[in-house]
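Participant: My questions all concern the structure below.
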Amino acid sequence: MPRVELTASGVLTELQEFEQQFARSLETARTCESVSIGATPRAPLFVLDGVTLYRYQSAAQTPNGALLIVYALVNRPDMADLEPGRSLVQALIQRGFDVYLVDWGRPSGADRLRSLDDHVSHYLDACVDFLRAHLSVAAITLLGICQGGTLATIYAALYPHKVARLTTTVTPIDFHTPDDLLSHLIREVDIERLVASSGNIDGDVLNWLFLALKPYRLLQQKYVNFLRHAGDAHAFATFMRMEQWIFDSPALAGRACLEFAKHLYQGNELVRGTFRLGGKAVDLGALTMPILNIYARDDHLVPPAASRALGQLVNSNDYTERELRGGHIGIYVSLREPLSVPNVIEEWMTARRRSAR
């Protein structure tokens, strides 16, 4: 290791620079006062027990058709529409997609018994059926994000006739890959005891669990790095929106959390072929529709191998994988790369449309 020389003058210089950076950040904060998340107007189309199907405002021409985004139960879906220029939703609309979103809402104590089957076969299915009727189509395209991709995959396996195409992004399928830090941790948790003692799982508990996987980078380094750009009002606003999203964590319905952790994280039942939902076997071999599977090269929450496992389990003759540079969240908010989530989806959908002619 290189030797670091510390001198009194060097330490004093660093402290003075830090003080100046901190002062600039305070001045920038005064100019921003408050920030709000969201770049795209949207309207609710359908509501059931607090679960809402939204449609985002789009141009009259949508040659690439409709996409239904299925987000995770953890955190709010606002990350997909963070701000102008950093919005997956906005980028998809600009590329000719008609974008819809399932918002799971904020579960209360009364929702602690909501199961995974409730989420998939009741709420998601109701949204899909409403959208099919609304668009006068037999099947729709699902776009799953993270845990939402797992739910979308399970749904597509149970109701393949309702899903024309399936796109998954940073989606865990194999929960027992060697580099899956979150899985190693959850497998040591007595999840039944935890849920029995708390009912719903507090969102802040889950959030701190995710942050603890990279404590230095996510709890210290990012704030030090931020100070280097503290005089940039735009960068400050983006940083604050990300912080607002990260720490706005809804509770997770206790029963759904128990089932997801026990059967998938601990039991890895999707890969083993033993997972059942509502008494029905979930066979990923039933996935024969076109599938696009996008994963992030530097993802610490869903390692690439956890997502790539999908390709070994489906029976689709039209299966595509794409690795993107970046981490679990970065691929959704850093959209200027030529190989970005919206660009890959547009390219893939265009090719499907041409082959169908």
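Quick note: the sequence shown uses my numbering, first residue 1178, plus one each step. Quick reminder that beta carbons are idealized off the backbone N, C-alpha and C, glycines included.
Measure the Cβ-Cβ separation of Val1279 and Val1228 and say whether it is below 9 Å.
Facilitator: Yes, these two residues count as a Cβ contact at 9 Å.
Participant: Short check: CB of Asn1377 to CB of Arg1474, under 9 Å?
Facilitator: Cβ atoms of Asn1377 and Arg1474: not closer than 9 Å.
Participant: Counting only runs that start and end within the segment 1299-1345, where is the alpha helix (DSSP H) found for 4 or more residues in a row?
Facilitator: 1302-1312 and 1324-1335, all fully within the segment 1299-1345.
Participant: With 16 as the cutoff for other CB atoms within 10 Å, does Arg1432 come out buried or exposed?
Facilitator: It counts as buried.
Participant: From Arg1453 to Gly1504, what does the alpha carbon distance come to, in whole angstroms?
Facilitator: Between Arg1453 and Gly1504, the C-alpha separation is close to 31 Å.
Participant: Would you check if the distance between the CB atom of Asn1470 and the CB atom of Thr1348 is smaller than 9 Å?
Facilitator: Yes. Within cutoff.
Participant: Comparing C-alpha positions only, which one of Leu1328, Leu1516, Ala1341 and Ala1430 sits nearest to Glu1500?
Facilitator: The option with the nearest alpha carbon to Glu1500 is Leu1516.
Participant: Cα-Cα, which of Tyr1442, Val1305 and Asp1302 is closest to Asp1367?
Facilitator: Comparing Cα positions, the closest option is Tyr1442.
Participant: Would you mind working out which of Ile1246, Ala1463, Ala1428 and Leu1222 sits nearest Tyr1336, comparing C-alpha positions?
Facilitator: Closest option to Tyr1336, Cα to Cα, is Ala1463.
Participant: Mind the definition here: the segment 1238-1249 touches the segment 1268-1276 only if three or more C-beta pairs lie below 8 Å; say whether that holds.
Facilitator: Verdict: yes, contact present.
Participant: Taking just the CA atoms, how far does Ala1482 sit from Ser1360?
Facilitator: About 13 Å.
Participant: With C-beta atoms as the reference, is Pro1467 less than 9 Å away from Tyr1509?
Facilitator: No, these two residues do not count as a Cβ contact at 9 Å.
Participant: According to the Cβ coordinates, are Leu1301 and Ala1341 closer than 9 Å?
Facilitator: No, these two residues do not count as a Cβ contact at 9 Å.
Participant: For the alpha helix (DSSP H) that contains Pro1481, what are its first and last residues?
Facilitator: Segment Pro1481 to Arg1485, the alpha helix (DSSP H) holding Pro1481.
Participant: Which of helix, strand or coil does DSSP assign to Thr1497?
Facilitator: DSSP places Thr1497 in strand when its eight states are reduced to three.
Participant: Could you pull the start and end residues of the beta strand (DSSP E) that Leu1469 belongs to?
Facilitator: Ile1468 to Ala1473 is the extent of the beta strand (DSSP E) around Leu1469.
Participant: Excluding the 5 residues flanking Leu1320 on each side, which residues of the same chain have their C-beta closer than 6 Å to its C-beta?
Facilitator: Excluding residues within five positions, the ones whose Cβ falls inside 6 Å are Leu1244, Ile1246 and Thr1344.
Participant: If you drop the 5 nearest sequence neighbours on each side, which residues of the same chain put their C-beta closer than 6 Å to that of Phe1352?
Facilitator: The answer, listed in chain order, is Ser1360, Leu1441, Tyr1442 and Asn1445.
Participant: According to DSSP, is Ile1214 part of a helix, a strand, or is it coil?
Facilitator: Ile1214 falls in the coil class under three-state DSSP.
Participant: List the endpoints of the continuous beta strand (DSSP E) containing Ile1246.
Facilitator: First-last of the beta strand (DSSP E) with Ile1246: Gly1242 to Val1247.
Participant: Would you check if the distance between the CB atom of Asp1258 and the CB atom of Asp1425 is smaller than 9 Å?
Facilitator: Result no, Cβ atoms of Asp1258 and Asp1425 do not sit closer than 9 Å.
Participant: Using DSSP with H/G/I as helix, E/B as strand and the rest coil, what is Ala1220?
Facilitator: Of the three classes helix, strand and coil, the one that applies to Ala1220 here is strand, per DSSP.
Participant: From the DSSP secondary-structure annotation, give me the bridge partner or partners of Phe1274.
Facilitator: According to DSSP, Phe1274 bridges with Gly1242.
Participant: Quick one: what does DSSP say Ile1522 is sitting in, helix, strand or coil?
Facilitator: Three-state DSSP puts Ile1522 in a helix.
Participant: Measuring CA to CA, which of Leu1487, Val1479, Asp1356 and Cys1434 is closest to Asp1460?
Facilitator: Answer by Cα proximity: Leu1487.
Participant: Just list the residues that DSSP pairs Thr1465 with in beta bridges.
Facilitator: DSSP output for Thr1465 lists no bridge partner at all.
Participant: Should Ala1216 be labelled buried (16 or more other beta-carbon atoms within 10 Å of its own) or exposed?
Facilitator: Buried.
Participant: Rounded to the nearest angstrom, what separates Ala1303 and Ile1331 at their Cα positions?
Facilitator: Going from the Cα of Ala1303 to the Cα of Ile1331 covers about 15 Å.
Participant: Got a sec? Which residues, its chain only, sit under 8 Å from Pro1480 by beta carbon, not counting five neighbours each side?
Facilitator: Taken in chain order, the residues that qualify are Thr1354, Asp1356 and Asp1357.
Participant: What is the rounded straight-line gap between the Cα of Val1491 and the Cα of Glu1498?
Facilitator: Straight-line Cα distance between these residues: approximately 13 Å.
Participant: So for Ile1506, helix, strand or coil by DSSP?
Facilitator: It is coil, neither helix nor strand.
Participant: In whole angstroms, what is the alpha-carbon distance linking Thr1327 and Ser1493?
Facilitator: Cα-Cα distance, rounded: 17 Å.
Participant: Closest to Arg1232 by C-alpha separation, out of Leu1293, Ala1414, Ser1298 and Leu1312, would be which residue?
Facilitator: Answer by Cα proximity: Leu1312.
Participant: For Asp1295, which of helix, strand or coil comes out of DSSP?
Facilitator: Correct three-state label for Asp1295: helix.
Participant: Just verifying my parser: in three-state terms, what is the DSSP assignment at Glu1260?
Facilitator: Glu1260 falls in the strand class under three-state DSSP.
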